[in-house]
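Report on the structure given below.
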Amino acid sequence: MDSKEILFYLEKLSERLALEGLKGEMALYGGAVMVLAFNARPSTKDVDAVFQPKDRIYRAAREVEEMYDAPADWLNDAVKGFISGQEELQLFLDLPNLKIYLAGPRYLLAMKALSLRLGRGEKDLEDMLFLINQVGIRSVDEMLSLVEQYYPQKMISPKTQFAIEEVFEALAKGREEKNEP
Numbered sequence: 219m220d221s222k223e224i225l226f227y228l229e230k231l232s233e234r235l236a237l238e239g240l241k242g243e244m245a246l247y248g249g250a251v252m253v254l255a256f257n258a259r260p261s262t263k264d265v266d267a268v269f270q271p272k273d274r275i276y277r278a279a280r281e282v283e284e285m286y287d288a289p290a291d292w293l294n295d296a297v298k299g300f301i302s303g304q305e306e307l308q309l310f311l312d313l314p315n316l317k318i319y320l321a322g323p324r325y326l327l328a329m330k331a332l333s334l335r336l337g338r339g340e341k342d343l344e345d346m347l348f349l350i351n352q353v354g355i356r357s358v359d360e361m362l363s364l365v366e367q368y369y370p371q372k373m374i375s376p377k378t379q380f381a382i383e384e385v386f387e388a389l390a391k392g393r394e395e396k397n398e399p
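Rendered as C-alpha cells:
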C-alpha cells in the first residue's frame, strides 16, 4: 500500500466508526510510518498499529477490506509486543472519528533495533539505515544507548546486539565505498 491507499483506508475506517457512533485512537509504527512520515519508501504491505477500541476497529477494518478491496489483514496489532512505556508519539491526523498518531523517529529506530533479526528482510534493514541517518546515530554504543532509553537492558538480547553490530558494519562498508568519513 502506498501513502494514498493507507490514508484512504484510514479515512474509510473513521467513517465506519462514525456509523457506529464511536471514536477511536490509533498509533502507527513500522512501514506505515516510513511511508507516511518519512517518504522513505514507496509502500508497505500492512499497517502496524495499536488501537482502541480494539474489537470495533478490527471489525471496521474488515469492512474496509470487503468494501474497498483493501489487502487482507491490512491493519494489525502484532507490533504490540514491542511497545515501550517510554514511547514517543506525535499526532499525525485528526479524522472526525479517529485520531492517528505516529511513532517518532528515535522511538521507531529503537523499536526496529529491538525487533531486528538477521536475515529478517531487506526492508527492515533499509528502514534501520534510513533512521540511523535521520537520527544521527554514529556507533553501536550510541545505538544501544538509544535502545536503552526506551527498553530495559534485559530486553536487548545478544542476538539483537549482534544484529546491530552487523548493521553498523554494513553502514561503515557503504561509507567506505563512497569515500565518506
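For the sequence shown, this note's numbering gives the first residue as 219, with consecutive numbering after it.
A virtual CB, placed ideally from N, CA and C, is assigned to each residue, including glycine.
Note that the structure is a prediction, hence the values are computed from the model and not measured.
From the DSSP output, which residues share a beta bridge with residue i?
i	result
residue 276	DSSP, once it has assigned bridges, lists no residue as partnering residue 276.
residue 270	243
residue 293	265
Quick one: measure Cβ to Cβ for residue i and residue j, integer angstroms, because I've assumed they're closer than 8 Å.
i	j	result
residue 326	residue 251	6 Å
residue 374	residue 362	7 Å
By the three-class DSSP mapping on this structure, what secondary structure does residue i have?
i	result
residue 336	For residue 336, the predicted structure reports a pLDDT of 47, less than 50, and the residue's modelled location is therefore unreliable. The matter cannot be settled from this model.
residue 298	helix
residue 374	coil
residue 350	helix
residue 318	strand
residue 249	helix
residue 355	coil
residue 256	coil
residue 304	coil
residue 330	helix
residue 388	helix
Between which two residues does the alpha helix (DSSP H) holding residue i run?
i	result
residue 226	221-237
residue 369	Looking at the DSSP string, residue 369 is not in any alpha helix (DSSP H), and its letter there is neither H nor E.
Is the beta carbon of residue i less than 8 Å from the beta carbon of residue j?
i	j	result
residue 355	residue 364	yes
residue 232	residue 289	no
residue 299	residue 308	no
residue 262	residue 331	no
residue 312	residue 267	no
residue 264	residue 220	no
residue 242	residue 271	yes
I need the boundaries of the beta strand (DSSP E) containing residue i, first residue and last residue.
i	result
residue 312	307-313
residue 287	Per DSSP, residue 287 belongs to no beta strand (DSSP E) and is neither H nor E.
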